[in-house]
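Structure, as structure tokens:
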Amino acid sequence: KETIYILAIESSCDDTSVAVLQNDTMLSNVVASQKIHEEYGGVVPELASRAHQQNIVPVTTQALARANIDKKQLSAIAFTRGPGLMGSLLVGTSFAKSLALALDIPLIEVNHMQAHILAHFIKTENMAPPAFPFIALTISGGHTQIVKVNDYFEMEILGQTLDDAVGEAFDKSAKILGLPYPGGPLIDKYAAKGNPNAFEFPKPKVKDLNFSFSGLKTSILYFIQKQTAQNPNFIQENLEDICASIQYTIINILMSKLKKAVKSTGINRIAIGGGVSANSGIRSALKDAENELGWTTYIPNFEFCTDNAGMIGIVGYYKFKSNQFTGQEISAKARYNL
Ligand code: KG4
Ligand code: ZN
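Take the sequence shown: its letter number 113 is residue 128 in full-length UniProt numbering, and every next letter is one higher.
Structure below.
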């Protein structure tokens, strides 16, 4: 059986990443995160595409060097076609096309959301991938989806956010509290020492398995405005309790929809992905569900949770095996459904 070497490129948002895979084993996964956005409190699309432009060649060179293979050994180039920021996607797409053309090897287009889910199939020592069918919960700064995964390329969205992504809910709440971007990890950190029942925030009423987080953000804003009008030091004096209460509310929203999904599908294998999977609240809630409800949960190594090219590479590998290639006419797609 031939060995397949995939070079994969991810540039959908603010991380420039290139990975090299040997079959389903990752040889390298280089990520250049863009610090430039921190001072703006969010990703600035124009700056993101410029930074991708600067990073993409050095990151590729480093990924090949770390994998210790020559580019002439590559079997195919995989790249993120979408969804994402158009200017960012264009950099990776153009670069992938040029590389495939220059090396005269096939090109494979990858859906970023599919990649977050299939990241579980990157070979690791400590964990076997979930068996089909399973439920995937993809939670990040850009996405919030519950997906029924029947097979590698047979996925069905059961529910998704109607407005903000869950990572945005964390980041925007953090911004209201005066914390720097991205605030999700900071909320997590302060929440660890706070009382989750100190303050109560309303849970949105959203039908089926869909989510909505913009109302929560607004109610947090009004609550903080009201409290600081009475006590200018309210945030400083209660930061840990506020963070714990916000996190508790968000995790409750996610878990109640997950429970609903398990009930309606009868599937209790749950795989999570996306940057918010790092959150200690969701991790312990899933552990509780294992113990109390008999679920089996899958949490990938953090390296594969956030945006990275390794996950693009694993999709590339499975597409290569099933001959799913694309031609040079392909273009990036900012909105790209599963
Ligand atoms: O997957 P990711 O790196 O990029 C995309 O958005 O696609 O996810 C980043 C998001 C940010 O919103 C960040 O605040 C959130 O993940 N995040 C967290 C934690 N770590 C990262 N949110 C809550 N708790 C965390 N520990
Ligand atoms: Zn992502």
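For each residue, glycine too, the CB sits at the ideal point set by N, CA and C. This structure is a prediction, so every number in the text was calculated from the model and none was measured.
One residue list follows from the rule of a beta carbon closer than 5 Å to any heavy atom of the ligand KG4, given in chain order as Ser155, Gly156, Gly157, Gly182, Phe185, Asp186, Pro197, Gly199, Pro200, Asp203, Gly289, Gly290, Val291, Ala293, Asn294, Thr321 and Asp322. According to the DSSP assignment, Lys163 belongs to the beta strand (DSSP E) that extends over Thr159 to Asp166.
The C-beta distance from Val291 to Gly199 rounds to 6 Å, short enough to fall under 8 Å. CA-CA distance, Ala115 to Pro197, rounds to 35 Å. For His135, the Cβ stays outside the 7 Å cut-off from all heavy atoms of the ligand ZN. Only residues of its own chain outside the window of five on either side were considered, and among them Leu177, Asp178, Pro219 and Val221 have a CB closer than 6 Å to the CB of Ser227, listed in chain order. By the Cβ rule, the region 305–321 does not count as touching the region 77–89, because fewer than three pairs are nearer than 8 Å. For Ile137 and Leu22, the gap between their C-alpha atoms comes out near 14 Å. Going by DSSP, Arg96 is part of the beta strand (DSSP E) stretching over Ala91 to Gly97. Annotation for Asn267: Lys218 place their beta carbon closer than 8 Å to its own, counting only its chain and skipping 5 residues before and after. The alpha helix (DSSP H) runs lying completely inside the region 171–216 and spanning 4 residues or more are 181–191 and 199–206, given in chain order. For the pair Asn38 and Ser64, the Cα-to-Cα distance works out to about 30 Å. The closest CA to that of Thr76, considering only Leu273, Ser32, Leu201 and Asn165, is found on Ser32. Between the C-alpha atoms of Ala66 and Gln49 there is a straight-line separation of about 7 Å. Straight-line measurement puts the Cα of Gln242 at about 6 Å from the Cα of Phe249. Residue state for Arg284 is assigned as strand, using DSSP reduced to three classes.
Counting only residues of its own chain and dropping the five nearest sequence neighbours on each side, Tyr351 has a CB closer than 6 Å to the CB of Gly97, Pro98 and Asn126. Close CB contacts of Leu118 within its chain, under the 8 Å cut and outside five residues either way in sequence, are with Lys86, Lys87, Leu89 and Ile92 (chain order). Burial is judged here by how many other beta carbons sit within 10 angstroms of a residue's own beta carbon; Phe147 has fewer than 16 and is exposed. For Asp30, the uninterrupted beta strand (DSSP E) run begins and ends at Asp30 to Gln37, by DSSP. Residues Glu255, Asp256, Cys258 and Ala259 of the same chain have their beta carbon placed closer than 6 Å to that of Gly209, with the five preceding and five following residues left out of the count. Not one heavy atom of the ligand ZN lies closer than 7 Å to the C-beta of His52.
Setting aside the 5 residues that flank it on each side, Tyr167 is surrounded in the same chain by Tyr333, each with a C-beta closer than 6 Å to its C-beta; the list follows chain order. Val181 and Lys16 have their alpha carbons spaced roughly 43 Å apart. Beta bridge pairing from DSSP links Glu169 with Asp166. Shown here for Val106: same chain residues with a beta carbon closer than 7 Å to its own, the five before and five after excluded, namely Ser26, Ser64, His67, Gln68 and Ile71 in chain order. Per DSSP, the continuous beta strand (DSSP E) segment holding Val46 begins and ends at Thr40 to Ser48. Here Ala347 carries a coil assignment [DSSP, helix/strand/coil]. At least one heavy atom of the ligand ZN lies closer than 7 Å to the C-beta of His131. A distance of 8 Å or more separates the beta carbons of Ala111 and Leu104. Within the same chain, and ignoring the five residues on either side of Val45 in sequence, the residues whose Cβ sits closer than 6 Å to its Cβ are Val33, Val74, Gln77 and Ala78. Val125 is bridged by DSSP to Thr95. Taken atom to atom, the span from the alpha-carbon of His135 to that of Phe149 is near 11 Å.
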